[in-house]
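Residue numbering for the sequence shown follows full-length UniProt numbering, starting at 1 and increasing by one per position.
All residues carry an ideal CB built from backbone N, CA and C; glycine is no exception.
Comments concern the structure below.
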Amino acid sequence: INVFKEHLKIAVEEAKKITEEDLENVVPVVVEEFKKALEEAEAVLSNLGARQDSVDKAFDRLSKAMHMLSFKKGDKEHLIALVDRINKLDKNEFIASTWDKLQFALDGANAIINDSNAMEKEVAESYDKLMRAF
Numbered sequence: 001i002n003v004f005k006e007h008l009k010i011a012v013e014e015a016k017k018i019t020e021e022d023l024e025n026v027v028p029v030v031v032e033e034f035k036k037a038l039e040e041a042e043a044v045l046s047n048l049g050a051r052q053d054s055v056d057k058a059f060d061r062l063s064k065a066m067h068m069l070s071f072k073k074g075d076k077e078h079l080i081a082l083v084d085r086i087n088k089l090d091k092n093e094f095i096a097s098t099w100d101k102l103q104f105a106l107d108g109a110n111a112i113i114n115d116s117n118a119m120e121k122e123v124a125e126s127y128d129k130l131m132r133a134f
């Protein structure tokens, strides 16, 4: 039985061109999946007894992981600055319902700040939501 590995070989070659520097701004969970997928693909490539379904599965996983490398971490600098500014406010100077809305947005922003896998879009949306509540 002939097992076609050429597509997997090309995918591995392309994946190996990706440097640690390229991965710096990628969401950590994606970086981890990419590295595991590459490791699996290399193992399948070197396995002389690998079946076609294993080759195809490894190719699909690596391809998907490489596609997800576009999932960039969000820059939280402005969101953190806004949260710090709001934390300095005196809640007694606000109407309760206004403060409650602000607190809800603030809680959401803090969750995004603490999420190491938060992407650019999520950070931007949280900033906008907090700004509107403010």
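- The C-beta separation of L82 from M131 comes to about 7 Å, placing the pair in contact by the 8 Å criterion.
- In this structure L48 is exposed. Its beta-carbon is surrounded by fewer than 16 other beta-carbon atoms within 10 angstroms.
- By the criterion of a C-beta distance shorter than 8 Å, F71 is surrounded in its chain by V26, V27, V30, M119, once the five residues flanking it on both sides are discounted.
- The three-state secondary structure of K16, taken from DSSP, is helix.
- Nearest C-alpha to A65 among Y127, L102, A15: A15.
- Nearest C-alpha to L38 among D100, S54, D75, V12: V12.
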